[in-house]
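Novice: The structure is given below, and queries will be raised subsequently.
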Amino acid sequence: MKHVQDLMYEYLQGELDPVRAKQVQEHIASCNACFAELQVLKEGALLVRPLSRKPSEHRSEAYWHNFAVHVQQRVQQGPKKTVSTDPVRNKIESFLTYQPQRVLALVGGLAVLVALITIAPFRTVQEEQSLMLTEGSPAGGVMPVNAELSNYFRKSKILLIGLTNMTPPEGQTVDFRAESQTARKLIQQARVLEDQDIDNRSQQLIWALEKILIELANMEDRANLPDVELIRTGIRQENMLFKIRMAEAQQSHAMFSTADHKEIKQQ
Amino acid sequence: MPAAREREIILRIKEGSHEAFRELVEMHMRQAYDLAYGFVNDHDDAEDVAQEAFVKVFHSIKSFRGEAGFSTWLYRIVTNASLDRLKQRKRKTNRYVRIDNPESMQAMTSTAATDSIDLTMHMERALHELPTLQRAVVILRHIDGLSTRTVSEILQCSEGTVKTHLHRGLKKMRSLLQFVKEGTS
Chain A
1 MKHVQDLMYE YLQGELDPVR AKQVQEHIAS CNACFAELQV LKEGALLVRP
51 LSRKPSEHRS EAYWHNFAVH VQQRVQQGPK KTVSTDPVRN KIESFLTYQP
101 QRVLALVGGL AVLVALITIA PFRTVQEEQS LMLTEGSPAG GVMPVNAELS
151 NYFRKSKILL IGLTNMTPPE GQTVDFRAES QTARKLIQQA RVLEDQDIDN
201 RSQQLIWALE KILIELANME DRANLPDVEL IRTGIRQENM LFKIRMAEAQ
251 QSHAMFSTAD HKEIKQQ
Chain B
268 MPAAREREII LRIKEGSHEA FRELVEMHMR QAYDLAYGFV NDHDDAEDVA
318 QEAFVKVFHS IKSFRGEAGF STWLYRIVTN ASLDRLKQRK RKTNRYVRID
368 NPESMQAMTS TAATDSIDLT MHMERALHEL PTLQRAVVIL RHIDGLSTRT
418 VSEILQCSEG TVKTHLHRGL KKMRSLLQFV KEGTS
C-alpha cells in the first residue's frame, strides 16, 4: 500500500470504515515515515482542541436578542452602493472610506470648535459625577429626546472615564458592582431611546456603547486587571470617549437651536 | 432543525416575509458568528461580518436553489465575507503578535502569568499565523467538524485540496504551539 498521508486525519478521527482503517493501521506499523507523520498530525490536532470553545458564548443573551434586530435594520437600509464611475466622486468616497480617522478628526475638530464658541459648557468630571448621583430624569415629567440623549451620553462618558482612569493593583480584584449597576441602568435607558425618533449617528453610537455596557453589566462583582483591560481596549479601539463628546456637542447644539427658535417665536 | 421546516422558512423569505427571515437569522446567528470570529479574531469584526452575511442572504435568497444545505450556503457566504474583511485590513496585520518571532514568544512565556497560560489565546494567535486557506480548512474541518466534502463545497475546491491544507495547517499549528506544549509538560 502507498503512503497514507491523505487518510491520516480521517484515521485519527475514527471516520474511516473498518476495512480502510485496518489497511492504514497495517501500513503505519510497517512505514516509519508515515508513523512519524501521524504523530506530528496527532499532536497538531490535539493542540488545536481548546479552540473548540465557541466565541459566541462570550456574548450575552441580550446581545443575541439584538443581533437579529440589527440585521433587519441593515436589510432595511438596502444593499451597499455600487462603485461610481466619476473619478472625482471616487476620490472623495475613497478618502471618506479609507481615511475615516482623518475625516472624523476633521469633522470633530470643527464641531468641537463650534461647540466651544457657542456653548462653552465647562464642567469637571468630579462635578459631573456629583451631578450624576443626584440627577436623573425630571420627576414626573418626560424629558425631551435631545435632553434625554445628552443625559445618556454624559452618564456613559463619566462611567467610561472612571473605567479608563481606574488603576487596579496587579493581581488583585476590584469591586465592580457599582459600575455594573450603572451599566445596567444605562442599557435600560438606551432601550427607551432606541424606540424614539433619534438621528442615525446617535443611534449608531448607542449601539456601539451598548456592546461595552453589556460587557460591563455582565462583569463579575469582583473583576481583575485583564477583565478591566479588555473593556478599556474596546473603549480605546472604538474611540468611544471622542465619539461621545462629539455626540454631546451635537445634542447641545440641537437643544440650543431649539431654545433659540422658541425664544424668537415668543418675541 | 428539520430540513422540511427550514425549507418552509426559506420559501416564506422568498415570498418576502421578514418574520421568517428573522427566524432564520436567530437559528444560525451563533454559527455564523463563530465561523466569522475564527477568521477575523475580533468580536466587533465577527459581528459585522456575520450581519453582513445575513444581509447578503436576504438579498440573494432567490438564487438559493437548495442543492446544497442552507448551512453550507451560509458558511460559504460567511467565509467569503470574512476573507474580504481580512483583505481589507491586511495593512493592519501588524497589530497581532507574530508568535514565530522568538522575542515575542519569549515575552509571552516569561511573563508572571506563565503559570496560568491562556491556552485559548495562544491557539487563536497561532491560528492566525496560518495562510488564509489553511486557516479556513482548519476552522471548518477540524474546529467546526464539517466533513471534507462540505468544506470542499464551501471553499469551492477539491476534497484533495482540503486534505492537503488540513494536513499542512495542523502540522504548522503543532510547530507554532510547541512552546505551549513544552511549557505545560
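Each protein sequence line maps, in turn, to chains A and B. Counting from 1, one number per residue, gives the positions in the first sequence under the working numbering. Counting from 268, one number per residue, gives the positions in the second sequence under the working numbering. Each residue gets a CB set at the ideal place from its N, CA and C atoms; glycine is no exception.
Could you check where the alpha helix (DSSP H) with residue 24 of chain A kicks off and where it finishes?
Specialist: Along the first sequence, read from residue 1 onward, the residue named residue 24 of chain A stands at position 24. First-last of the alpha helix (DSSP H) with residue 24 of chain A: 18-30.
Novice: Can you tell which of B:401, B:406, B:349, B:272 has the C-alpha that lies nearest to the C-alpha of residue 54 of chain A?
Specialist: Position 54 of the first sequence, counted from the start, is the residue given in the question as residue 54 of chain A. Closest by alpha carbon: B:406.
Novice: For chain A, check one thing: does any of its Cβ atoms lie closer than 8 Å to the Cβ of residue 342 of chain B?
Specialist: Position 75 of the second sequence, counting from 1, holds the residue named residue 342 of chain B. No, because no Cβ of chain A sits closer than 8 Å to the Cβ of residue 342 of chain B.
Novice: Among the residues of its own chain, which have a CB less than 7 Å from the CB of residue 418 of chain B, if the five just before and after it don't count?
Specialist: Here residue 418 of chain B refers to the residue found at position 151 of the second sequence. Result list for residue 418 of chain B: 404, 407, 408, 429, in chain order.
Novice: Enumerated in chain order, which unbroken segments of the alpha helix (DSSP H) with a length of 4 residues or greater are wholly contained in the region 307-349 of chain B?
Specialist: Listed in chain order, they are 310-327.
Novice: For a contact defined as C-beta to C-beta under 8 Å, what are the partners of residue 281 of chain B on chain A?
Specialist: As a working mapping, residue 281 of chain B is identified with position 14 in the second sequence. Near residue 281 of chain B there are no residues of chain A at all, since even the closest Cβ is about 14 Å away, more than 8 Å.
Novice: Count the other CB atoms within 10 Å of the CB of residue 354 of chain B; is the residue buried (16 or more) or exposed (fewer)?
Specialist: What you label residue 354 of chain B is simply residue 87 of the second sequence in a count that begins at 1. Exposed, since its Cβ has fewer than 16 Cβ neighbours within 10 Å.
Novice: How about residue 161 of chain A and residue 241 of chain A: are their beta carbons less than 8 Å apart?
Specialist: Indexing the first sequence from 1 puts residue 161 of chain A at position 161. Indexing the first sequence from 1 puts residue 241 of chain A at position 241. Against a cut-off of 8 Å, the Cβ pair of residue 241 of chain A and residue 161 of chain A comes out as a contact.
Novice: Near residue 271 of chain B, which residues of its chain fall below 6 Å by C-beta distance, leaving aside the five closest residues on each side in sequence?
Specialist: On the second sequence, residue 271 of chain B is found 4 positions in, with the first residue counted as 1. Result list for residue 271 of chain B: empty, nothing under 6 Å.
Novice: Since residue 253 of chain B and residue 74 of chain A are thought to touch, with beta carbons under 8 Å apart, how far apart are those beta carbons, to the nearest angstrom?
Specialist: This structure does not reach residue 253 of chain B, given that chain B is present from 268 up to 452, and the question cannot be answered.
Novice: Indicate whether residue 437 of chain B and residue 48 of chain A have their beta-carbon atoms separated by less than 8 Å.
Specialist: Your numbering for residue 437 of chain B matches position 170 in the second sequence. Your numbering for residue 48 of chain A matches position 48 in the first sequence. Against a cut-off of 8 Å, the Cβ pair of residue 48 of chain A and residue 437 of chain B comes out as a contact.
Novice: Between residue 268 of chain A and residue 25 of chain A, what straight-line distance do the alpha-carbon atoms span, to the nearest angstrom?
Specialist: Nothing can be reported for residue 268 of chain A, as the shown portion of chain A is limited to 1 through 267.
Novice: Just to make sure I have the definition right: I need the residues of chain A whose C-beta is within less than 7 Å of the C-beta of residue 354 of chain B. Which are they?
Specialist: Here residue 354 of chain B refers to the residue found at position 87 when the second sequence is read from its first residue. The contacting residues do not exist; residue 354 of chain B stays about 13 Å from chain A at best.
Novice: Considering only C-alpha positions, which residue in the set B:427, B:394, B:388 is nearest to residue 10 of chain A?
Specialist: Sequence index remark: in the first sequence, residue 10 of chain A carries index 10 (1-based). Among B:427, B:394, B:388, the Cα nearest to that of residue 10 of chain A belongs to B:427.
Novice: Quick check: the Cα distance between residue 106 of chain A and residue 284 of chain B, rounded to an integer number of angstroms?
Specialist: In the first sequence, counting from the first residue as 1, residue 106 of chain A sits at position 106. In the second sequence, counting from the first residue as 1, residue 284 of chain B sits at position 17. Whole-angstrom Cα-Cα distance: 42 Å.
Novice: Mapping DSSP to helix, strand and coil, what is residue 164 of chain A?
Specialist: Taking the first residue of the first sequence as 1, we reach residue 164 of chain A at position 164. In this structure, residue 164 of chain A counts as helix in the three-state DSSP scheme.
Novice: Please return the same chain residues whose Cβ sits closer than 7 Å to the Cβ of residue 329 of chain B, not counting the five positions on each side in sequence.
Specialist: Translated into the one-based positions of the second sequence, residue 329 of chain B becomes position 62. If we look at residue 329 of chain B and ignore the five residues flanking it on each side, its Cβ neighbours are 281.
Novice: Could you tell me the alpha carbon to alpha carbon distance between residue 180 of chain A and residue 219 of chain A, rounded to whole angstroms?
Specialist: In the first sequence, counting from the first residue as 1, residue 180 of chain A sits at position 180. In the first sequence, counting from the first residue as 1, residue 219 of chain A sits at position 219. Taking the straight line joining both Cα atoms gives about 7 Å.
Novice: Any Cβ of chain B within less than 8 Å of the Cβ of residue 229 of chain A?
Specialist: Taking the first residue of the first sequence as position 1, residue 229 of chain A is located at position 229. Not an interface residue.
Novice: If you measure from the beta carbon of residue 446 of chain B to each beta carbon in chain A, is any gap under 8 Å?
Specialist: Taking the second sequence and counting its residues from 1, one reaches residue 446 of chain B at position 179. Chain A, which has no Cβ nearer than 8 Å to the Cβ of residue 446 of chain B, makes this no.
Novice: Roughly how many angstroms lie between the CA atoms of residue 243 of chain A and residue 199 of chain A, to the nearest whole one?
Specialist: Within the first sequence, residue 243 of chain A is the residue found at index 243, counting from 1. Within the first sequence, residue 199 of chain A is the residue found at index 199, counting from 1. Straight-line Cα distance between these residues: approximately 14 Å.
Novice: Got a sec, what are the start and stop residues for the alpha helix (DSSP H) residue 436 of chain B sits in?
Specialist: For the purposes of this step, residue 436 of chain B is identified with residue 169 of the second sequence, where counting begins at 1. From DSSP, the alpha helix (DSSP H) with residue 436 of chain B extends over 426-443.
Novice: Using the three-state DSSP reduction, which class does residue 395 of chain B fall into: helix, strand or coil?
Specialist: Locating residue 395 of chain B in the second sequence gives position 128, where the first residue counts as 1. Correct three-state label for residue 395 of chain B: coil.
Novice: For a test of the three-state rule: what should DSSP assign to residue 370 of chain B, helix, strand or coil?
Specialist: Looking up residue 370 of chain B in the second sequence gives position 103. Bear in mind that a pLDDT of 42 at residue 370 of chain B, under 50, signals an unreliable position, so the number given afterwards is only what the model happens to contain. It is helical.
Novice: Just confirm the distance between the C-beta atoms of residue 394 of chain B and residue 402 of chain B, as a whole number of angstroms; I'd bet it's less than 8 Å.
Specialist: As a first step, residue 394 of chain B must be located in the second sequence, where it is residue number 127. As a first step, residue 402 of chain B must be located in the second sequence, where it is residue number 135. Right, the Cβ-Cβ distance comes to about 6 Å (below 8 Å), so this counts as a contact.
Novice: To the nearest whole angstrom, what separates the beta carbons of residue 316 of chain B and residue 352 of chain B, a pair I think is in contact under 8 Å?
Specialist: What you label residue 316 of chain B is simply residue 49 of the second sequence in a count that begins at 1. What you label residue 352 of chain B is simply residue 85 of the second sequence in a count that begins at 1. Their Cβ separation, rounded to whole angstroms, is 5 Å, which keeps residue 316 of chain B and residue 352 of chain B in contact under 8 Å.
Novice: Counting only the same chain and skipping the five closest in sequence on each side, list residues whose C-beta sits under 6 Å from that of residue 35 of chain A.
Specialist: Walking along the first sequence from the start, residue 35 of chain A turns up at place 35. Only 28 meet the Cβ criterion.
Novice: Can you pull the chain A neighbours of residue 293 of chain B, defined as C-beta to C-beta under 7 Å?
Specialist: The residue labelled residue 293 of chain B in the question sits at position 26 within the second sequence. Under the 7 Å cutoff, chain A gives 68.
Novice: Chain B beta carbons: is any one of them nearer than 8 Å to that of residue 9 of chain A?
Specialist: What you label residue 9 of chain A is simply residue 9 of the first sequence in a count that begins at 1. Taking Cβ atoms only, chain B reaches closer than 8 Å to residue 9 of chain A, which makes this a yes.
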